[in-house]
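Chains A and B are the protein sequences, given in the same order. In the working numbering, each number is its position in the first sequence, counted from 1, plus 727. Quick note on numbering: the working numbering labels position 8 of the second sequence as -8, and the sequence is numbered without any gaps.
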Amino acid sequence: MTDMKPTQPTARGEVIAPVIGPDPTLAYGFTPEPVRQPVKPLIFIDRPEPKRRGPLSRLRRHLRTLRHNRPFTIALFCLIAVLMLTPIVFTFLYSFFPKGEITTYLGLRNRYDATKWLDVLFAPSVVSLRQYYTILIEEPQYLKLFVNSAMYGAAILLGQTLVVPMTAYGLSRFTFKGRDTLFFLVLMLMLLPFQVTMAPSVMTLRALGLLNTAWAIILPGIFSPFYIFLLRQFMVGIPGEIIEAGQMDGAGTMRTFVHVVLPVCRPILGAAAALSFADCWNLVEQPLVYLQNVDLQPLSVMFNKINEEGQAVAFAGAALYLLPMLLIYIYFQDDILLGVQLSELK
Amino acid sequence: MFTRKKTVWLYLAPGLLGLLAFYFVPFFWGVWFSLTDGTIDNKFVGFQNYLDVWQNEIFQLGLKNTLELSLLCAPVIFVLSFLLASLMRKRVAGDGFFRNALLMPYLMPSAAMLIIWLLMFDYGGVVNRVVVALGFERVFWLEGGALRVPIVLLYIWKNLGFSVVIFTAALQAVPESLYEYAALEGAGFFRRQFSITLPQVLPTAFLVLVLAMVNAFKIFKEVYVIGGAYPEESVYTLQHYMNNKFAKLDYQDVTTAAYSFAVIVIVLFLLMYRTKAVRQGESAA
């Protein structure tokens, strides 16, 4: 009666039971071949499978998926990602080259000879940890600067943890006279380049007796207006209901702060910590001006000076310099993305 | 929201004290400082310092370079981050990895990149290979005006990701139905970006632009890393002028130069403050 293959699902996805054995409607002594196809399980497919099953249709299907996935966007993203990561990857790669090889290689720079190229090295003749050995064990000078930088970072973070969330809380969840003016001033300070207040800062620090001590870096770092701004913008976005619910239960300002606001701020606190430590790790201007004493300088200032002396270990130095930031980034990446997304920066 | 609570000052006190000591006092002290002559009597001289500094050729060179460098960086970062964020609005395979690759350099110290940058921009380096492959002559990247290119690229490499992330967050708040409607009407990619996305994210766009501008004034770090304390004339920034004057203990000149510069920054900031981007938070609070 019907040509329709019985196992083929209909448009609604039902499977018609296959006819097995002689068809009662065709009782003319001519028995149709029994349908050999096994019964497929009940799968609900909306779209019938393509009729042609050649390589061409498979190709077409692949192309459709590919277009759906936007190949040009992906290709562009890949290209940019490679460009962004290349400097980091090569720094780490070259840090495993033997010292001699690096010295020779760097010596080939600045040949202003239009017939010669600087080869791109992809693999060392022998993988060597010699550069790291020199930096970490033979010459303690690098390690000392590394420790200095870490100390500044840790001290600033510790101070910021105590001060910045409280200030942001005061600026965001309270109403009082002059609050907007105060916030306006914080914003203005955030945008001013360091150099604007450089000379008066030096005199202030001198008056306080802090110039040329580690505190000259740490104290202004703690009160950095940017992080007050960042946290304030996040706290402003916390729904009032959460706070009111706490108030109903009798929570005061302190209890609300510790048990409601801070837990909600988890992502932005992580983001701020990561960014702040990165800032400190990258500090150049302040130490140049505030510190005359070489013993107190952080790695960021001295890094290139050491490199001039020991070019052979430059890559291992750079790799060690990058490594903490890389780890911090990997640990805090979700916080940074979420923190920016949820705060009122947008 | 807590109103009429005196306890607020308990929360604000430590932070404000610090801001007062290390930021507000130096700032306003500096204003007064730039109006006096710096001798022992410290006479009030009005705007004489400003007139002197503005006529100084090195100051003019520094100001010109700083403005030019930031005018080079800010629009590039703005346009690139807008386009990339638009592309990232819809999810594709591997976009998480891509976002991380973009944002990671934001945390990387510029100084550590110096050595690899010098290799890339060497006369026989990778960048010149690309230049020759495109059919041009090799360029002396590390000298003269061309030195700006590696510096600006280092700056963009480091700072692009953060703008992209801010933009992406704003773009994800734009309702999808607008795009569907525009697609029905036959608007192409660029048309959609400029007729729908840009107006919708205008406050953010302005914030990103101003932040890019103001941060680009801080490009000194990258210049210092590549060019050193006394760099080529083409990248001698205002900060170099101030640092070098500072080394000569010429505080009056430093502050005067600084405040001339601050005026530019503050004007930009006031423009930004007038936009909703910052104020919407206040009305909500």
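Ideal placement from N, C-alpha and C gives every residue a C-beta, glycine not left out. As the structure is a computational prediction, the values presented were derived from the model and not from experiment.
| Query | Result |
| --- | --- |
| Check the C-beta distance from Phe1042 of chain A over to Gln858 of chain A and give it rounded, since I have them as a contact under 8 Å. | 6 Å |
| Mind listing which residues of the segment 106 to 140 of chain B have their C-beta closer than 7 Å to chain A's C-betas, in chain order? | Asp106, Tyr107, Gly108, Gly109, Val110, Arg113, Arg122 |
| Are there three or more Cβ pairs, one per stretch, closer than 8 Å when the segment 979 to 997 of chain A is compared with the segment 948 to 967 of chain A? | yes |
| Thr20 of chain B by DSSP, collapsed to three states: which one? | strand |
| Give the residues from the segment 1028 to 1056 of chain A that approach chain B closer than 7 Å (Cβ to any Cβ), ordered along the chain. | Phe1030, Asn1031, Asn1034, Ala1041, Phe1042, Ala1045, Tyr1048, Leu1049, Met1052, Ile1055, Tyr1056 |
| Using 10 angstroms around the beta-carbon of Gln39 of chain B, count the other beta-carbons present and answer buried if the total reaches 16, otherwise exposed. | exposed |
| Can you give me the Cβ contacts of Tyr896 of chain A inside the same chain, cut-off strictly under 7 Å, excluding the 5 residues immediately before and after it? | Met962, Phe984, Val988 |
| Since Ala1045 of chain A and Ile42 of chain B should fall inside the 8 Å C-beta cutoff, what is the C-beta to C-beta distance between them, to a whole number of angstroms? | Between Ile42 of chain B and Ala1045 of chain A the Cβ distance is about 33 Å, and since that is not below 8 Å, they are no contact. |
| Check the DSSP bridge columns for Phe901 of chain A and list the partner residues they point to. | B:Phe(-14) |
| How many Å lie between Cys1007 of chain A and Glu169 of chain B at the Cα? | 51 Å |
| Taking all protein chains shown into account, do 16 or more other C-beta atoms lie within 10 angstroms of the C-beta of Tyr225 of chain B, making it buried, or fewer, making it exposed? | buried |
| In whole angstroms, what separates the C-alpha of Leu155 of chain B from that of Val929 of chain A? | 43 Å |
| Can you tell me which of the three DSSP states Phe120 of chain B falls into? | coil |
| Determine the direct distance from the alpha carbon of Ile807 of chain A to that of Ile772 of chain A, and round the result to whole angstroms. | Note that Ile772 of chain A scores a pLDDT of 46, beneath 50, so its modelled location is shaky and nothing firm can be said. |
| Please check if any C-beta of chain B sits within less than 8 Å of the C-beta of Pro927 of chain A. | yes |
| Could you work out which residue in B:Gly212, B:Met92, B:Arg176, B:Ala5 is closest to Leu67 of chain B when comparing CA atoms only? | B:Arg176 |
| What is the DSSP secondary structure of Phe921 of chain A, counted as helix, strand or coil? | helix |
| So is Gln1060 of chain A buried or exposed if we call it buried at 16+ other beta carbons inside 10 Å? | buried |
| Any idea what DSSP makes of Phe824 of chain A, helix, strand or coil? | coil |
| Can you check whether the CB of Leu916 of chain A is closer than 8 Å to the CB of Tyr7 of chain B? | yes |
| What is the rounded straight-line gap between the Cα of Phe950 of chain A and the Cα of Lys904 of chain A? | 22 Å |
| Assign Phe28 of chain B to one of three DSSP states: helix, strand, or coil. | strand |
| For Glu216 of chain B, name the three-state secondary structure that DSSP assigns. | coil |
| Assuming Leu64 of chain B contacts Leu144 of chain B (C-beta within less than 8 Å), just tell me the rounded distance between them. | 6 Å |
| In whole angstroms, what separates the C-alpha of Ala934 of chain A from that of Leu87 of chain B? | 40 Å |
| Report yes or no: is there a C-beta of chain B within less than 8 Å of the C-beta of Glu1012 of chain A? | yes |
| For Thr221 of chain B, which residues in the same chain have their Cβ closer than 6 Å to its Cβ, ignoring the five residues on either side in sequence? | Gly46, Asn49, Thr50, Phe204, Val207 |
| Under a Cβ-count criterion, where at least 16 other Cβ atoms within 10 Å of its own Cβ denotes burial, should Leu856 of chain A be classed as buried or exposed? | exposed |
| Is it buried or exposed for Asn199 of chain B, if we count other Cβ within 10 angstroms and need 16 for buried? | buried |
| Can you give the beta carbon distance from Pro952 of chain A to Pro10 of chain B, rounded, assuming they're within the 8 Å contact cut? | Contact flag wrong, Cβ pair sits at about 13 Å. |
| Starting from Phe817 of chain A, find everything on chain B with Cβ-Cβ shorter than 7 Å and list it in chain order. | Ile100 |
| How big is the Cα-Cα spacing for Gly(-1) of chain B and Ile829 of chain A? | 49 Å |
| If contact means a Cβ-Cβ distance below 8 Å, which residues of the segment 85 to 100 of chain B contact chain A? | Ala85, Leu86, Leu87, Met88, Pro89, Tyr90, Leu91, Met92, Pro93, Ser94, Ala95, Ala96, Met97, Leu98, Ile99, Ile100 |
| Please state the DSSP three-state secondary structure of Arg176 of chain B. | helix |
| For the candidate residues B:Gly2, B:Ala58, B:Ala246, whose alpha-carbon lies nearest to that of Phe146 of chain B? | B:Ala58 |
| Is there a Cβ from chain A that is less than 8 Å from the Cβ of Leu19 of chain B? | no |
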